[in-house]
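Below is one structure, written out as structure tokens; comments come after it.
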Amino acid sequence: MKVVVVGGGPAGLYLAILLRKADPGIDVTVLERNAPDATFGFGVVFSEETLGSLRDADPETHLAITDTFARWNRVDIRYRDGLLRSRGHSFSAIARKRLLELLHERCYALGAELRFGVEVDAVPEADLVVAADGANSFVRRQGDFGTVVEPEGSKYVWFGSDLVFDAFTFVFRETEHGLFNVHAYPYDEHMSTFIVECAEPVWRRAGLDSMDEDESRAFCERLFANDLRGRELFTNRSLWLDFPKVTNRVWHDGRVVLVGDAAHTAHFSIGSGTKLAMEDSIALAQGLVRRGWDVDAALVDYELERGPVVERTQAAASESAAYFRRVGSYTHLEPAQFAFNLLTRSGRITHASLSIRDPDFTRAVDSWLGGAEISPPPMFAPLELGGVRFPDRVSFALSGFVAVSPEGRITPETPTIDDWTPPGDGLVVLQLGHAGRRGACRPRFEGIDLPLRDGWPLVSASAVAYGPFSAVPAVLDGAGMTALRESFVRAARRAHELGVAVLELDLAHGYLLGSFLSPLTNPDDDPLRFPLEVVSAVRGVWPRCLAARLSVTDWHPRGNSVDDGIAISRALRDAGIDLIHVEAGQTVHDDKPEYRRGFLTALSDRLRNEARVATMVGGYLTTSDEANTIVGAGRADLCIVHLPRAPLDPEPLEPSNSLLLAGETA
Amino acid sequence: MRIGVGLPTTTPGADGALVLDWARRADAGPFSSLAVLDRVVYDSFEPFAALAAAAGVTERVRLATMIAIGPIRPPVLLAKQAASLNSLSRGRFTLGLGLGARRDDYERSGVALRGRGRKLSEQLALIRGELNGLEVLVGGGSGPAFARMARYADGYAHGGGPPRAFASAAGRAVAAWNDLGRPGQPALWGQGYFALGDVERGNDYLRDYYAFTGPFAEQIVAANLTSGRAIKDFVRGYEEAGCDELVLFPTASSLSQLERLEEALA
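Those protein sequence lines, which keep their order, are chains A and B. Mapping the first sequence onto my numbering, position 533 (from 1) lands on 533, and the numbers just tick up by one. Mapping the second sequence onto my numbering, position 179 (from 1) lands on 845, and the numbers just tick up by one.
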């Protein structure tokens, strides 16, 4: 059997090693375009779990690599004027050049053929062709893999430095152009990798778009002189780049298979690229051995095994890339919260998992939020908002939709402010709204937006029906607006008499006030005018915490984007709104929602940190860990948690012979 | 979790007699439902006709489309078919609807692919508005599909895959259900393929049936449940993932497949 590997990076070389090791009868050739001693980039980073799989796959390589490893278990965060440290993270790194040398030696020892300086211009003939030729793979472009390449994250550039850091070090530095940040880590006893990153507009404002390699090196060296303690930065094709996110619908086409960056990339900020690449090689080699060198079967196994792992890692990497793109909006956060937000950015570390890795760190976050040296986790921190004291971040009662008037009901079952009574004890959030064109529907257990056969007349910002068979609403005219505003004011007064703590105005989901906010449903040039009028009028009579429920985005190409939602939130805050209840979509019937666990959290994060307004978020959060992580990281102030049925509620056991047993003991 | 079984309506060589024998045997066995796939441009039975025949020879099992391609059918006629089938089976019919995955099914039916999502929403709104008490499921993996499900259906019909994929889709279904403000929980239906004996014939059928997905077909073949052990693991995985009804579809046209499945589940 003949295997040709195109690309002599870690994935390709490691595969050659594993194949030759598994069966010396396999003819393995690696084709590399560059010379053996040419290498780009500085150090590569691994996490501990990779090392285990390398040890199992080939102990010799593992031993050689780990012998030269730089290792550390700390993350240092240089933010504002201080240094914050988190422990318990296991990292190791190696010079990329050294790693390749070790892999070359092992390839030679096992009899794999390495050919350097070979530019591949056609897919080679072989029983198996392995495309290990990187994110811009030539071989991949010759086949049909459903490839998508799109940039993610910010602008970044790789340098080396002769300052040997003793931890994974993040540096955040404010400049007159905006925020710059650094990812730095040691990779041997002499050198560190030093990656500088900033948002694209910052990069332009700083003039980096017109600097050459040495000018940008000098710029970065000056900017981070303190952090470098007078040491230097070194270049090696150190150009500012956009990170290409590579995905492929399938990873093999006939006898050609993709591994490493050719198959998938993961943003450098989670340091998983080399790990994923070498794990690919392990899975592919194992598949071939397990399937007795049946290539078709092995390639299916390989893809089935690696697909889910890679998908999860890429999702985390994209979260991390997006975090660094918007990190400039987090610099108002106090150091403890900023650091916790940074560590939990990709979703892979949570409050609970960090409590195990680094209990002192989460204790410090808890204590900062709770205000006492020993404090409970973030969701138990009290909150003062709009003159209301929330005892914690999760236990409040949402009323559900309460209509300001009978014609504002969603279904005949919807309570109106005149027949609603607050539920028992606790802090109540009264959710007040007018259904608009989504009114006069059948009960919700039957379905949503199913019109009643004989409903009441509807009103909206424009005369367009909501969904199939929905009635066409009348346009709310001037007199109607006045009446509606007064009905909200009247309802607010009533709520005050009832002792409600928090009043929430429903401006979301295409209900009447929400229909004014979106260009999809309101042609007016000043869509905020009327909703703000209502908010101001209610603010005038409502002395306590006033919230607005808002669809931050319409999830529709011609509707409000998240940026629009942020602008609307600022306007609402300025009109006296204390809290935004974050929702998305449902402005129109045919939107394109993105449902997944915690799907509203990212929106809440942006709103809270860019519009600087307190937020409440749901979006199907089911664990206290999610709430602790969200509140601790400053992604929201209040969380709506859906608790599943408690597993400790006893279920009745089947009838047993307990009487007999009781008799025996007696 | 309940377990249902697919009728052999798309497997090569299945005839009317086998479909009826299979339905009778399933009705007498441990299965809670009999389900059918839907394909226009493939040698297969029309799903509503097959289920109507099954209704006549069964007393107990639910009869489900898993799923039928909605937009290629005229909405009013579809509603009438569903109502008739539900009545003929004395309330045992579950209507699963989706967009389907094949372009040629639309082309052959003379229905434009464009606008199919809107058509499905209109059908669902019509059926939901007109037919009382008919259980409706919606399939699909996109955000709009989950919203459609939560708005109009009683549950979600997953398209198949390992338990982990089902769990992820089920999480999105429940998130959509909450987002739309539906009370309670959606019913969650899953599905898988099996071949107990005759494995190569089963695999060849899957390769052919899913040829339009390209190399992905091999992944579907690899997931075919070909041993009692694989079926037990799959069932356990789906149960843990919160599935309410798991339908196992045959890949070979032989009554012995059903017998072996009963043994594997015993």
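Every residue gets a Cβ at the ideal spot worked out from N, C-alpha and C, and that includes glycine. As the structure is a computational prediction, the values presented were derived from the model and not from experiment.
Buried or exposed (CB count within 10 angstroms, at least 16 for buried), residue i
{"i": "Arg312/A", "result": "exposed"}
{"i": "Tyr875/B", "result": "buried"}
{"i": "Gly663/A", "result": "Caution is warranted here: a pLDDT of 46 is assigned to Gly663/A, below 50, making its placement in the model unreliable, and no coordinate value can be reported."}
{"i": "Phe697/B", "result": "buried"}
{"i": "Gly559/A", "result": "buried"}
{"i": "Tyr108/A", "result": "exposed"}
{"i": "Gly722/B", "result": "exposed"}
{"i": "Trp555/A", "result": "buried"}
{"i": "Thr892/B", "result": "buried"}
{"i": "Ser755/B", "result": "buried"}
{"i": "Thr665/A", "result": "Residue placement at Thr665/A cannot be trusted, given a pLDDT of 45 that sits under 50; what the coordinates show is reported in the next sentence. Per the 10 Å Cβ criterion, exposed."}
{"i": "His642/A", "result": "exposed"}
{"i": "Glu197/A", "result": "buried"}
{"i": "Phe445/A", "result": "exposed"}
{"i": "Asp280/A", "result": "buried"}
{"i": "Val171/A", "result": "buried"}
{"i": "Pro423/A", "result": "exposed"}
{"i": "Asp449/A", "result": "buried"}
{"i": "Pro359/A", "result": "exposed"}
{"i": "Gly868/B", "result": "buried"}
{"i": "Glu303/A", "result": "buried"}
{"i": "Leu223/A", "result": "buried"}
{"i": "Lys275/A", "result": "buried"}
{"i": "Gly43/A", "result": "buried"}
{"i": "Pro10/A", "result": "buried"}
Per DSSP, cross-strand counterpart(s) of residue i
{"i": "Trp542/A", "result": "Answer is none; Trp542/A lacks a bridge partner."}
{"i": "Cys679/A", "result": "In the structure as shown, chain A starts at 1 and stops at 666, and residue 679/A therefore has no counterpart that could be examined."}
{"i": "Phe138/A", "result": "DSSP, once it has assigned bridges, lists no residue as partnering Phe138/A."}
{"i": "Tyr323/A", "result": "DSSP, once it has assigned bridges, lists no residue as partnering Tyr323/A."}
{"i": "Ser460/A", "result": "Val475/A"}
{"i": "Arg71/A", "result": "Ser92/A"}
{"i": "Phe361/A", "result": "Partner(s): none; Phe361/A has no beta bridge."}
{"i": "Ser922/B", "result": "None, per the DSSP bridge assignment."}
{"i": "Pro244/A", "result": "Pro151/A"}
Within chain B, the residues that residue i reaches when beta carbons sit closer than 7 angstroms
{"i": "Glu303/A", "result": "Gln885"}
Under 9 angstroms by beta carbon: chain B residues contacting residue i
{"i": "Leu450/A", "result": "Ala791, Arg794, Gly795, Arg817, Tyr818"}
{"i": "Pro308/A", "result": "Pro828, Arg830, Ala831"}
{"i": "Val300/A", "result": "Pro881, Glu884, Gln885, Val887, Ala888"}
Proximal chain A residues relative to residue i, where beta-carbon distance stays under 7 angstroms
{"i": "Arg848/B", "result": "Arg444, Ile448"}
{"i": "Arg624/B", "result": "With chain B covering only 667 through 932, there is no way to say anything about residue 624/B."}
{"i": "Ala813/B", "result": "Pro593"}
{"i": "Gly809/B", "result": "Lys592, Pro593, Glu594, Tyr595"}
Amino acids of chain B, ordered along the chain, whose beta-carbon sits closer than 8 angstroms to that of residue i
{"i": "His642/A", "result": "Asn844"}
Residue i: contacting residues in chain A (beta-carbon distance under 8 angstroms)
{"i": "Ala841/B", "result": "Tyr595, Arg596, Arg597, Phe599, Gly619, Tyr620"}
- [ ] Output, in sequence order along the chain, the residues in the segment 619–635 of chain A whose CB is closer than 8 angstroms to any CB in chain B.
- [x] Gly619, Tyr620
Task: Against chain A: residues of the segment 767–788 of chain B by CB proximity under 8 angstroms - done: Gly783, Arg784, Ser787, Glu788
- [ ] Anything in the segment 237–264 of chain A with a Cβ closer than 7 angstroms to a Cβ of chain B? List those residues in chain order, please.
- [x] Val250, His252, Asp253
Task: Residues from the segment 743–768 of chain B in contact with chain A, defined by Cβ distance under 8 angstroms - done: none
- [ ] For the segment 504–538 of chain A, enumerate the residues whose C-beta is nearer than 9 angstroms to any C-beta of chain B, in chain order.
- [x] His509
Open item on the list: Please list, in chain order, the residues of the segment 590–624 of chain A that have any C-beta partner in chain B closer than 8 angstroms.
Closed with: Asp590, Asp591, Lys592, Pro593, Glu594, Tyr595, Arg596, Arg597, Phe599, Gly618, Gly619, Tyr620
Open item on the list: Any C-beta of chain B within less than 8 angstroms: which residues of the segment 462–492 of chain A qualify?
Closed with: Gly467, Pro468, Phe469
- [ ] Could you name the residues of the segment 874–905 of chain B whose beta carbon sits closer than 7 angstroms to any beta carbon of chain A, in the order they occur along the chain?
- [x] Gly880, Pro881, Phe882, Glu884, Gln885, Ala888
Open item on the list: Restricting to runs no shorter than 4 residues, where is the alpha helix (DSSP H) found entirely within the segment 556–604 of chain A?
Closed with: 562–574
Task: Whole alpha helix (DSSP H) elements within the segment 695–754 of chain B, 4-residue minimum - done: 713–723, 741–754
- [ ] For the segment 159–215 of chain A, list the alpha helix (DSSP H) runs that are entirely contained and at least 4 residues long, ordered along the chain.
- [x] 200–205
Open item on the list: So within the segment 850–902 of chain B, which uninterrupted alpha helix (DSSP H) runs reach at least 4 residues, ignoring any that extend past its ends?
Closed with: 865–875, 882–888
Task: Within 8 angstroms of chain A by C-beta, residues of the segment 732–743 of chain B in sequence order - done: none
- [ ] Entirely within the segment 773–838 of chain B and at least 4 residues each: give me those alpha helix (DSSP H) ranges in chain order.
- [x] 782–796, 809–818
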